[in-house]
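S.K.: Just so you know, we're using my numbering here: the sequence shown kicks off at 4 and counts up by one. Note that beta-carbon positions come from the ideal geometry of N, C-alpha and C, so glycine has one too. Just dropping this structure here.
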Amino acid sequence: MMSVRLIVSEALSEYYHQHQSYPRSLSELPMQTLRWGDEGSTVRDAEAWTYVSDGSSFTMTWTNTRGRELYVGGSTGRVYYSRDEKR
């Protein structure tokens, strides 16, 4: 899931730089053409993440069965890999 976070965050950054906003849904990204395969990742792995965006910012989270969260967020073109980093 770490690789999903990196792959999708790169795509979100590129999307922001092209459109000056983040997509409202991950379905607006070219998911099938992204660089999948790191650590065995596939486009289906991204479906396990929760993605929320208002256009100017986004959060994307995944929580494992033990309650450990992976996080990526962004605001006005900048990507954060932890909630603390954004503060």
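When the Cα atoms are used, what is the spatial distance from residue 41 to residue 65?
M.R.: Roughly 17 Å separates the two Cα atoms.
S.K.: With three or more beta-carbon pairs closer than 8 Å as the criterion, would you say the region 32-51 touches the region 76-85?
M.R.: As far as the Cβ criterion goes, the region 32-51 does not touch the region 76-85, which means the pair count is below three.
S.K.: My output table needs one value for residue 80: the three-state DSSP class, helix, strand or coil.
M.R.: In the structure shown, residue 80 sits in coil (DSSP, three-state: anything other than H, G, I, E or B).
S.K.: Mind checking whether residue 73 and residue 27 have CB atoms under 9 Å apart?
M.R.: Not in contact: residue 73 and residue 27 (Cβ atoms no closer than 9 Å).
S.K.: Is the CB-CB distance between residue 10 and residue 59 below 9 Å?
M.R.: Not in contact: residue 10 and residue 59 (Cβ atoms no closer than 9 Å).
S.K.: Determine the contact status of residue 79 and residue 18, defining contact as a CB-CB distance below 9 Å.
M.R.: It is not a contact, given that the beta carbons lie outside the stated cut-off.
S.K.: To the nearest angstrom, how far is the alpha carbon of residue 61 from that of residue 13?
M.R.: If you take the alpha carbons of residue 61 and residue 13, they lie about 13 Å apart.
S.K.: Find the nearest neighbour of residue 56 within the set 48, 76, 68 and 49, judged by alpha-carbon distance.
M.R.: Residue 56 has its Cα closest to that of 76, out of 48, 76, 68 and 49.
S.K.: DSSP has residue 60 in a bridge; who is on the other side?
M.R.: Answer is 78, bridged to residue 60.
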